[in-house]
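Numbers 2 to 94, taken from this note's numbering, label the letters of the sequence shown in order. Ideal placement from N, C-alpha and C gives every residue a C-beta, glycine not left out. It should be emphasised that the depicted structure is a prediction, and the values quoted were computed from it without experimental measurement.
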Amino acid sequence: MGKPVAVVLDGYTLPAGDLSWKALQELVQLTVHERTTENLILDRSRSAELLLTNKVPLSARTLGLLPKLRYVGVTATGYNIVDVAAARARGII
Numbered sequence: 002m003g004k005p006v007a008v009v010l011d012g013y014t015l016p017a018g019d020l021s022w023k024a025l026q027e028l029v030q031l032t033v034h035e036r037t038t039e040n041l042i043l044d045r046s047r048s049a050e051l052l053l054t055n056k057v058p059l060s061a062r063t064l065g066l067l068p069k070l071r072y073v074g075v076t077a078t079g080y081n082i083v084d085v086a087a088a089r090a091r092g093i094i
């Protein structure tokens, strides 16, 4: 079995000097996008089992169109950019 697929939607929010993705890359098949506009969310997330975001919103509609998604991590202080009720209903942590 291969590594889980993880996608970072807005890596620019975590400056390279502050963070290394190396440890995470050892655990998952990782793709880091510097910035993701709303029209690119689905294309970039379609195969993701794990999704990391800071400023890119994840609506109920978007979450419903990502059947492989099992985890959403928010690299910000709050998590109001994620429809938590919709995630919970789909079994997304």
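- Each residue's CA atom was taken as its position, placing I93 and N40 some 22 Å apart.
- Under the 10 Å beta carbon count, L53 is surrounded by 16 or more other beta carbons and is classified as buried.
- Every alpha helix (DSSP H) of 4 residues or more that sits fully in the region 24-85 is shown, in chain order, as 42-46 and 61-65.
- Note: A7 is bridge-paired with L31 and L51 in the DSSP secondary-structure output.
- Using a 10 angstroms sphere on the CB of L28, the tally of other CB atoms stays under 16, which defines it as exposed.
- With the rule of 3 Cβ pairs closer than 8 Å, the region 21-35 does not count as touching the region 63-81.
- In the structure shown, G18 falls within a coil segment according to DSSP collapsed to helix, strand and coil.
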